[in-house]
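Numbering (my numbering), first residue to last: 76 to 327.
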């Protein structure tokens, strides 16, 4: 029988994986059998997640990675590919920042850095990884967008614009890489993580968000990690160019 969710023999590169969703995704991919390069702008945070994976019986390495640095992205891609003799099967572009503010209070700096990390960072890492991604149907690029990029959200014009850009990035790249049998998809997750703390602890932002979530709660990071394993696996071998919301029904 075909084992749809077995990632044994495959390697993965996860960005922004020192905490939150990135850490949970790294652990879930490793639990499914993948060899994972855990990367984060904090090398210590990435190393701690990799150590946790290895202690649990998985296989992981770590690296400090600022996704806005093209040379660092190229080094990370090569390091991840070395985990499985030169092939990098799964790329998860999760690194991100958020700077919530109402539109009149947004600055050039907060707008630009949001784009640099989310959009330019995804561009750097994906382009660096591409020469290592196999064309046998196991290659996956999974970008992390947000409901903010689909419907917009109060006080996050910069973040929403960047996440909407990733949706266009995903769909266009999926068309380009389909002839090479490489699948490109995006996930729009919602979870209680350090990145969403500002929203969750701001009374106005928190109330607005909770009114939009039918399940009336925030997910834990490990609740959304399984969707990444799905898109990385053989179960998603005929899915490309799609955006999958994992957000308690907020986008439906």
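Beta carbons: idealized from backbone N, C-alpha and C, even for Gly.
query, result
"Beta bridge counterpart(s) of residue 137 as assigned by DSSP", "113"
"Euclidean distance between Cα positions of residue 130 and residue 123", "10 Å"
"Distance, residue 79 Cα to residue 108 Cα", "12 Å"
"Counted within 10 angstroms of its Cβ, other Cβ atoms place residue 115 as buried (16 or more) or exposed", "buried"
"Residue environment, residue 254, which counts as buried when at least 16 other CB atoms sit within 10 Å", "exposed"
"For residue 307, three-class secondary structure by DSSP", "helix"
"Which of helix, strand or coil DSSP assigns to residue 215", "strand"
"CA-to-CA distance, residue 118 to residue 197, given in whole angstroms", "19 Å"
"Supposed close pair residue 100, residue 135 - CB separation, criterion 8 Å", "12 Å between Cβ atoms; not a contact."
"Where residue 70 falls: helix, strand or coil (DSSP)", "Beyond the ends of the chain as shown, which are 76 and 327, falls residue 70; an answer cannot be given."
"Cβ pair residue 188, residue 216 closer than 9 Å", "no"
"Status (buried if at least 16 other CB within 10 Å, exposed otherwise) for residue 76", "exposed"
"Cβ neighbours of residue 230 in the same chain (closer than 7 Å, five flanking residues each side left out)", "175, 176, 177, 280"
"Residue 282 versus residue 304: straight-line alpha-carbon distance, rounded", "31 Å"
"Residue 219 vs residue 263 beta-carbon contact at 9 Å", "yes"
"Buried versus exposed, by CB contacts within 10 Å (16 or more), residue 290", "exposed"
"Range covered by the beta strand (DSSP E) that runs through residue 256", "From DSSP, residue 256 is part of no beta strand (DSSP E); its letter is neither H nor E."
"Sub-9 Å separation of residue 147 and residue 139 beta-carbons", "yes"
"Residues bridged to residue 167 (per DSSP)", "89, 217"
"Reference residue 169; option with closest CA among 273, 296, 310", "296"
"For residue 266, the residue or residues it bridges with in DSSP", "294"
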